[in-house]
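Residue numbers (our numbering): -2 to 182.
Idealized CB from N, CA, C, for every residue including glycine.
The model shown is predicted, which means the values in this text are computed figures rather than measured ones.
Before any comments, here is the structure.
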Amino acid sequence: MLLDSTVLSLALSPQLTSPFDQKTHSPIINITMLSSTSSIVQLAKAPFKRAQRGLFGGKQIQFGNNVPFSKTKTRRTWLPNVQTKRLFSETLNDWIRLNMTTSVIRTVDKKGGLDRYLLETRPDLLGEKGLELRGKIVEVLKIKQAKKSLENAHKLNITNTTTLNSSTAPVNITSSASSSPAVPL
């Protein structure tokens, strides 16, 4: 629905008492209503607080009704199936205790461990705790990679200097009547 200038001017006017246009009797869309409903939608999509302290894989509280035989509906909630697990991180070389949903436990098993799960999963599914652990793992991996590259560079320097030294070493060859090979001194 496009907003024309008359509807916008009426929506912004302070003396507006009815939510309908007096001439056309069409509803007036208030700009502030649009922004507040979008913030409500964002709040509804935001993960709940408990999910930020563990690995929930995007699972949230679900809402619905209990419907008995009498058809009297009462509101209820379904919470995610959360378990406390201790998993070993090969990169951090430490055991980590986490609150995880059962679906995340299966996914961690499928990916081959906690480290691979944290590195391969989208950030919006990890939550604060998952992002914190991912940051630690990435930091340790960068340090290990830097050490490995330094060791490789050091090995290359050692092998280059030994080949240079062996190729520039003086060789004394003496001519003798025997057929023995010449041996450097």
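Rounded distance between the beta-carbons of residue j and residue i, thought under 8 Å
| i | j | result |
| --- | --- | --- |
| Leu52 | Gly127 | 5 Å |
| Leu116 | Ile93 | At roughly 14 Å, the Cβ-Cβ gap does not stay under 8 Å, so Leu116 and Ile93 are not in contact. |
| Gly54 | Leu153 | In fact, because the Cβ distance is near 44 Å, the residues do not count as touching under 8 Å. |
C-beta atoms of residue i and residue j nearer than 7 Å
| i | j | result |
| --- | --- | --- |
| Ile134 | Asp112 | yes |
| Thr104 | Asn78 | no |
| Asn62 | Lys70 | yes |
Exposure of residue i, with buried meaning 16 or more beta-carbon neighbours within 10 Å
| i | result |
| --- | --- |
| Val38 | Reliability of the predicted coordinates at Val38 is poor, the pLDDT of 48 falling under 50, and the value obtained from them is presented with this limitation in mind. Counting Cβ neighbours within 10 Å, Val38 comes out exposed, since fewer than 16 surround it. |
| Ala48 | buried |
| Glu125 | exposed |
| Thr74 | exposed |
| Thr81 | exposed |
| Thr88 | buried |
| Tyr114 | buried |
| Thr156 | exposed |
| Lys144 | exposed |
Proximity to residue i [Cα-Cα], best of the options
| i | options | result |
| --- | --- | --- |
| Ile102 | Leu84, Asn62 and Arg119 | Leu84 |
| Ile58 | Val64, Arg72 and Phe66 | Arg72 |
| Asp106 | Asp91, Asn90, Ser146 and Ser86 | Ser86 |
| Leu95 | Arg50, Phe66, Phe60 and Ser146 | Arg50 |
| Asn91 | Val137, Met97, His151 and Gln142 | The question names Asn, but residue 91 is Asp in the sequence shown. It is Val137. |
Start-end ranges of the alpha helix (DSSP H) lying completely within the region 71 to 141, minimum 4 residues: 99 to 108 and 111 to 117
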